[in-house]
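Here the protein sequences come in this chain order: A and B.
Position 171 of the first sequence, counted from 1, bears residue number 575 in the numbering used here, the numbering being contiguous throughout.
Position 37 of the second sequence, counted from 1, bears residue number 1152 in the numbering used here, the numbering being contiguous throughout.
Ideal Cβ positions, reconstructed from N, Cα and C, are used throughout, including at glycine.
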Amino acid sequence: MSPISRGFHRKRQEAPAGRVPPGQYVTKDFPVLSAGPTPRTALANWTFSIAGAREPKSWTWQEFRALPTETLTTDIHCVTRWSKLDTTWQGVSLDVLLAAVEYDARYVLAFCDGGYTTNLPVADLTGGRAWVAFGYDGSPLGPEHGGPARLLVPHLYFWKSAKWVRGLRLRDTDEPGFWENYGYHMYGDPWREQRYAGD
Amino acid sequence: MAGTAVRGRLTWQTATVGSVTDETPLVRTLALQVPDWPGHRAGQHVDVRLTADDGYQAERAYSIASAPGEPLAITVERLDDGEVSPYLTEELQPGDFLEVRGPIGGYFVWEPAFGGPLMLLAGGSGVVPLRAILRYRRLIGSSVPARLLYSSRSFQDVIYQAELDSDGAEVIYALTRSQPPGWTGYARRVDQQLLAEVAWPAAQQPLAYVCGPTSFVEAVASGLVGLGYPAERVKTERFGATGQ
């Protein structure tokens, strides 16, 4: 039973039912969170790789952008408690990318420019639930938001949608990534409020 | 990975407000009494939860302002359109209750073993976790050289001013909007030239901590990399205008 904070009252409008997970509030801004300087990689040097499959696979920027793309509108939820509704992205489905390799791994560790990593189950990257996004709101994705390309896994807390993503390492075991090593949850389901280890 | 994983469950704990200190017209420090507070590291943050009498709850994260070994304290800046910060800075009184959960975050922290020299860069209330680092450094008698570049709208908006000026660190202010009469210090936003004048040379292998609004952190972190700081020696923590 939580103690009452005397004199505290709701000031924010109630969010649309079923749209905002527990402990979150809606913002119209697009806040930026990252642990270090924003990396800047020239598109000529950019690749997206999948390691740990029977054969490794890599796309140059041109090859990546020649893949079929999708435009999607979705809600995103940051562990720092902001949620942003109806964000529109352009990206390549992870179904397309993972179909290019043979594997039986159950987990991936996404890796990025700047050294960031995050872990995800393969099952959460397939079935039309995850993308490598290169566009936001009809424009190229800005560097501070993870451009040229970031992972987009909107059904998990947004730290799983790794900025500046450069590839996936397929793994048999679930190994913690950057924030997961610092006590954040291994899976990160916002609807179950899995913010920190043990939640 | 240098992670110190916290694998136990972080539970909500009742905190009693011990004292409130007005730092500036918009900023207040809350000393919190938490009987089972497990302690924290310099630079970490804490989740705060408020409960209204109708059961409505709101949660926010705040940087911890006190040094390791000290009781928990947070420093909060009032955002006019906010739901939580006006309550914390205007309504809350000693003896009131709220809930806390933490400490949280293990990357934007400083330990004496990390050494230095320390280059701390604050934009506005981004000074809070950097103050915890400077306070800790002083309390343990660390000889690591420290320099703080603090960008503030005006001198009256500077948080912890008296403490910072007696902390044994070099403090350089950049006052972006207005300056007191006779001000001879920097009177502009932090730009590359200013950084080059103030920051420890990269050859001294400084360790940088940057905290502030996104535009500040983007400019400063990129600027330090431009001065030769390796990206892994530049730790950042940002708060956007999150409509909080």
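Range of the contiguous beta strand (DSSP E) that encloses residue i
| i | result |
| --- | --- |
| T442 of chain A | It is not in any beta strand (DSSP E) - T442 of chain A carries neither H nor E in the DSSP assignment. |
| N523 of chain A | 521–525 |
| Q598 of chain A | Run containing Q598 of chain A: none; DSSP gives neither H nor E here. |
| C516 of chain A | 511–516 |
| V424 of chain A | Careful: V424 of chain A lies outside any beta strand (DSSP E) and carries neither H nor E. |
| K461 of chain A | 461–464 |
| W535 of chain A | 535–540 |
| S1178 of chain B | 1172–1178 |
| T1131 of chain B | 1128–1139 |
7 Å Cβ shell around residue i - same chain, five flanking residues per side excluded
| i | result |
| --- | --- |
| W450 of chain A | W465, P552 |
| V1149 of chain B | Q1128, A1130, L1187, V1215 |
| V1224 of chain B | R1156, A1157, G1158, Q1159 |
| A566 of chain A | A514, C516, Y520, T522, R554, L555 |
| S497 of chain A | E474, G532, W535 |
Three-state secondary structure (DSSP) of residue i
| i | result |
| --- | --- |
| Y1222 of chain B | coil |
| D1162 of chain B | strand |
| E548 of chain A | helix |
| A1247 of chain B | helix |
| Y1202 of chain B | helix |
| R1353 of chain B | strand |
| K567 of chain A | coil |
| T1347 of chain B | It should be noted that the sequence gives Glu, not Thr, for residue 1347 of chain B. In the structure shown, E1347 of chain B sits in a helix (DSSP, three-state: H, G or I). |
| E506 of chain A | coil |
| P1229 of chain B | The sequence given here places Phe at residue 1229 of chain B; Pro does not occur at that position. In this structure, F1229 of chain B counts as helix in the three-state DSSP scheme. |
| W1152 of chain B | coil |
| R1262 of chain B | strand |
| D490 of chain A | strand |
| A470 of chain A | coil |
| E1185 of chain B | coil |
| V557 of chain A | coil |
| S584 of chain A | The amino acid occupying residue 584 of chain A in the given sequence is Glu; Ser does not appear at that position. Looking at E584 of chain A - three-state DSSP - the assignment turns out to be helix. |
| Q1294 of chain B | coil |
| F412 of chain A | coil |
| A1237 of chain B | strand |
| L1194 of chain B | coil |
| F1212 of chain B | strand |
| A1284 of chain B | coil |
| D578 of chain A | coil |
| L1254 of chain B | helix |
| V611 of chain A | Here chain A covers residues 405 to 603 and nothing more, so residue 611 of chain A does not appear. |
Limits of the alpha helix (DSSP H) - the one that residue i falls within
| i | result |
| --- | --- |
| E1312 of chain B | 1307–1313 |
| G1271 of chain B | Note on identity: in this sequence residue 1271 of chain B is Gln, with Gly being the wrong assignment. Neither: Q1271 of chain B is in no alpha helix (DSSP H) and is coded neither H nor E. |
| F1331 of chain B | 1329–1341 |
| L498 of chain A | 498–502 |
| A455 of chain A | Note, A455 of chain A: premise wrong, no alpha helix (DSSP H); beta strand (DSSP E) at 451–455. |
| E1278 of chain B | 1276–1280 |
Contacting residues, own chain, Cβ-Cβ under 6 Å from residue i (five flanking each side not counted)
| i | result |
| --- | --- |
| L1125 of chain B | R1216 |
| Y1288 of chain B | Y1265, G1300 |
| F1331 of chain B | G1238 |
| M405 of chain A | none |
| V1325 of chain B | L1236, V1332, V1335, A1336, T1351 |
| K461 of chain A | I454, A504, V505 |
| R410 of chain A | none |
| V1135 of chain B | R1143, L1145 |
| Y507 of chain A | A457, L574 |
| Q1074 of chain B | This structure cannot settle anything about residue 1074 of chain B, because the visible part of chain B is limited to 1116 through 1359. |
| T442 of chain A | P547, E548 |
Classification of residue i by the beta-carbon crowding that lies within 10 angstroms, buried from 16 upward
| i | result |
| --- | --- |
| G1362 of chain B | There is no way to answer for residue 1362 of chain B, as the model of chain B reaches only from 1116 to 1359. |
| D1280 of chain B | exposed |
| S1293 of chain B | exposed |
| Q417 of chain A | exposed |
| T521 of chain A | buried |
| S487 of chain A | buried |
| I1189 of chain B | buried |
| M1116 of chain B | For M1116 of chain B, the predicted structure reports a pLDDT of 36, less than 50, and the residue's modelled location is therefore unreliable. A value from the coordinates is still provided. Classification for M1116 of chain B: exposed. |
| D517 of chain A | buried |
| I1255 of chain B | exposed |
| W1315 of chain B | buried |
| Q1319 of chain B | exposed |
| D1078 of chain B | Chain B is shown from 1116 up to 1359; residue 1078 of chain B falls before or after that span and cannot be answered. |
| R599 of chain A | buried |
| F452 of chain A | buried |
Residue i Cβ short of 7 Å to the ligand SAH heavy atom set
| i | result |
| --- | --- |
| A1176 of chain B | Within the structure as shown, the ligand SAH is missing, as the structure has no ligands at all. |
Close-in-space but distant-in-sequence residues of the same chain around residue i (CB under 8 Å, 5 per side omitted)
| i | result |
| --- | --- |
| V500 of chain A | L471, P472 |
Could you say if the stretch 1333–1346 of chain B and the stretch 1243–1251 of chain B meet the contact criterion of at least three C-beta pairs nearer than 8 Å? The stretch 1333–1346 of chain B, when compared against the stretch 1243–1251 of chain B, does not touch it at the 8 Å Cβ threshold.
Quick check: the stretch 1279–1287 of chain B against the stretch 1196–1206 of chain B, are there 3 or more CB pairs under 8 Å? Under the 8 Å Cβ criterion, the stretch 1279–1287 of chain B does not count as touching the stretch 1196–1206 of chain B, having fewer than three qualifying pairs.
Are the stretch 573–592 of chain A and the stretch 531–543 of chain A touching by the rule of at least three beta carbon pairs closer than 8 Å? Taking 8 Å as the limit for Cβ pairs, the verdict is that the stretch 531–543 of chain A does not touch the stretch 573–592 of chain A.
Within the chosen definition, does the stretch 419–438 of chain A reach the stretch 1203–1212 of chain B through at least 3 CB pairs nearer than 8 Å? The stretch 419–438 of chain A, when compared against the stretch 1203–1212 of chain B, does not touch it at the 8 Å Cβ threshold.
Examine the Cβ distances between the stretch 563–571 of chain A and the stretch 488–499 of chain A and report whether three or more of them are shorter than 8 Å. The stretch 563–571 of chain A, when compared against the stretch 488–499 of chain A, does not touch it at the 8 Å Cβ threshold.
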